[in-house]
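Student:
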Amino acid sequence: MPVPPNVFTMLGKEGPAADSEQVTLWRDHHLSHTHAVLWTVILVATVGDILLTMTGLTVGLQEGNVVVSTMLAEFGLAGLWLVKFGAMLWLVAGWRLLPERNATVFLALFAMVTLAVVAYNSVTILQYRGIITAAAGI
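Here it is, written out as structure tokens:
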């Protein structure tokens, strides 16, 4: 079934010819395989980040992000959810408005940062609980 020509008229998007991968339409916007994988990584890592943050707070650790810390102080766990929701809105807006290649870089950078935060939080909690020890002399 051919795609109507007006489907890919979104600002900054070059259309399906710009992406040689198979695309899926999503509300007049195409979702390449690469973007689908990046979105999956981002969503799974964000859930991990939220769970690890809640776990760290439960065991007595302090939040290291100033924005999240302030929101937690003001609104409790709802503040954490507000920050994460805001970040997702910002991410969706950037993905929808950027040209295809820039959107890929944008998603990839967000995914890498979120995965790094998840790794750091995991190690911090495991060290705090005494399950692993910090490497000395590095």
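Start counting the sequence shown at 1146; every next residue gets the next number (our numbering).
For every residue, glycine included, the Cβ atom is placed at its ideal position computed from N, Cα and C.
#1: Distance, Cα to Cα, I1270 vs G1201?
#2: Once DSSP output is grouped into helix, strand and coil, what is the label at L1176?
#3: Where does I1100 fall in DSSP's three states?
#4: If I follow the unbroken alpha helix (DSSP H) through G1221, where does it start and stop?
#5: How many Å lie between A1248 and W1240 at the Cα?
#6: Rounding to the nearest angstrom, what Cα-Cα distance links M1216 and G1224 in this structure?
#7: Tell me whether H1175 is buried or exposed, calling it buried when 16 or more other Cβ atoms sit within 10 Å of its Cβ.
#8: What is the rounded straight-line gap between the Cα of W1226 and the Cα of T1278?
#9: Rounded to whole angstroms, what is the Cα-Cα separation between L1234 and G1205?
#10: Pick helix, strand or coil for G1205, following the three-state DSSP scheme.
#11: Going by alpha carbons, who is nearest to L1197 out of A1218, R1246, S1267 and R1274?
#12: Measuring only the C-alpha atoms, how far is T1259 from T1191?
#13: How many Å lie between G1086 and N1210 at the Cα?
Tutor: The short version:
#1: Position 125 of the sequence shown, counted from the start, is the residue given in the question as residue 1270. Position 56 of the sequence shown, counted from the start, is the residue given in the question as residue 1201. Cα to Cα, the separation comes out at about 6 Å.
#2: Within the sequence shown, numbered from 1, the residue matching residue 1176 stands at position 31. Three-state DSSP puts L1176 in a strand.
#3: Here the chain comprises residues numbered 1146 to 1283, so residue 1100 is not present and cannot be evaluated.
#4: On the sequence shown, position 76 is the one that residue 1221 refers to. Unbroken run through G1221: none, as it is neither H nor E.
#5: In the sequence shown, residue 1248 corresponds to position 103, counting from 1. In the sequence shown, residue 1240 corresponds to position 95, counting from 1. Straight-line Cα distance between these residues: approximately 5 Å.
#6: Taking the sequence shown and counting its residues from 1, one reaches residue 1216 at position 71. Taking the sequence shown and counting its residues from 1, one reaches residue 1224 at position 79. M1216 and G1224: Cα-Cα distance of roughly 4 Å.
#7: In the sequence shown, counting from the first residue as 1, residue 1175 sits at position 30. It counts as buried.
#8: By 1-based counting over the sequence shown, the position of residue 1226 is 81. By 1-based counting over the sequence shown, the position of residue 1278 is 133. Rounded to the nearest angstrom, the two C-alpha atoms are 31 Å apart.
#9: The residue labelled residue 1234 in the question sits at position 89 within the sequence shown. The residue labelled residue 1205 in the question sits at position 60 within the sequence shown. Cα to Cα, L1234 sits roughly 30 Å from G1205.
#10: Residue mapping note: residue 1205 aligns to position 60 of the sequence shown, counting from 1. Correct three-state label for G1205: coil.
#11: Stepping through the sequence shown from its first residue, residue 1197 is reached at position 52. If we check each option's Cα against that of L1197, S1267 comes out closest.
#12: What you label residue 1259 is simply residue 114 of the sequence shown in a count that begins at 1. What you label residue 1191 is simply residue 46 of the sequence shown in a count that begins at 1. Roughly 7 Å separates the two Cα atoms.
#13: Nothing about residue 1086 can be read from this structure; the chain reaches only from 1146 to 1283.
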